[in-house]
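Taking my numbering, the leading residue of the sequence shown gets 180, the next gets one more, and so forth. Glycine included, each C-beta is placed from N, C-alpha and C at the ideal position. Here the structure is a predicted model, which is why all the values come from computation and not from measurement.
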Amino acid sequence: MSAFDFRNFEDRRQNSQAAKAALLEKFKARPALDDPEVRAKAQARAEVARARDERARERERIRIETERKAAEEKRLREEAELAAQLAREAAEAAALAERKAAEAADKKAARDARYAARKAKVKIRR
180 MSAFDFRNFE DRRQNSQAAK AALLEKFKAR PALDDPEVRA KAQARAEVAR
230 ARDERARERE RIRIETERKA AEEKRLREEA ELAAQLAREA AEAAALAERK
280 AAEAADKKAA RDARYAARKA KVKIRR
């Protein structure tokens, strides 16, 4: 059990008034807004804030520039990949056309050979 508090209402009221008076004295002791020291501190804070804002703008500019370069590199890389794919497809199409032409030539040669053999067979029988 805690000890009994012997302070009464008057003690609490006096302590409250003393605390309020101390706060008022502290407020009154502050220098005025037109004091040179206060102005110097405010100017220093403003310069620090301007420098901070400038650094933030510079970081943002660098970030945007980096993103722009990355997007440009990605676009160039995709264009190169697309060009390579188109070249590959064109080469495959050319190879396919060449293969079909070769097959057609082989089929024609085989057909001509069969025809010539048939003609030769007919000439031999006569």
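Cα-Cα separation, residue i to residue j
| i | j | result |
| --- | --- | --- |
| Leu255 | Lys248 | 10 Å |
| Ala259 | Leu265 | 10 Å |
| Met180 | Asp213 | Residue placement at Met180 is poorly supported in this model, since its pLDDT is 49, which falls under 50; the coordinates still yield a value, given next. Met180 and Asp213: Cα-Cα distance of roughly 56 Å. |
| Ala283 | Leu261 | 32 Å |
| Glu204 | Ile243 | 52 Å |
| Glu216 | Arg224 | 12 Å |
| Glu268 | Ile303 | 51 Å |
| Arg231 | Thr245 | 21 Å |
| Tyr294 | Glu271 | 34 Å |
| Glu233 | Ser195 | 48 Å |
| Lys298 | Ala280 | 26 Å |
| Arg229 | Asp190 | 51 Å |
| Ala289 | Ala273 | 24 Å |
First and last residue of the uninterrupted alpha helix (DSSP H) at residue i
| i | result |
| --- | --- |
| Asn194 | Phe188 to Lys207 |
Same chain only: Cβ atoms within 7 Å of residue i, ignoring 5 sequence neighbours per side
| i | result |
| --- | --- |
| Ala221 | none |
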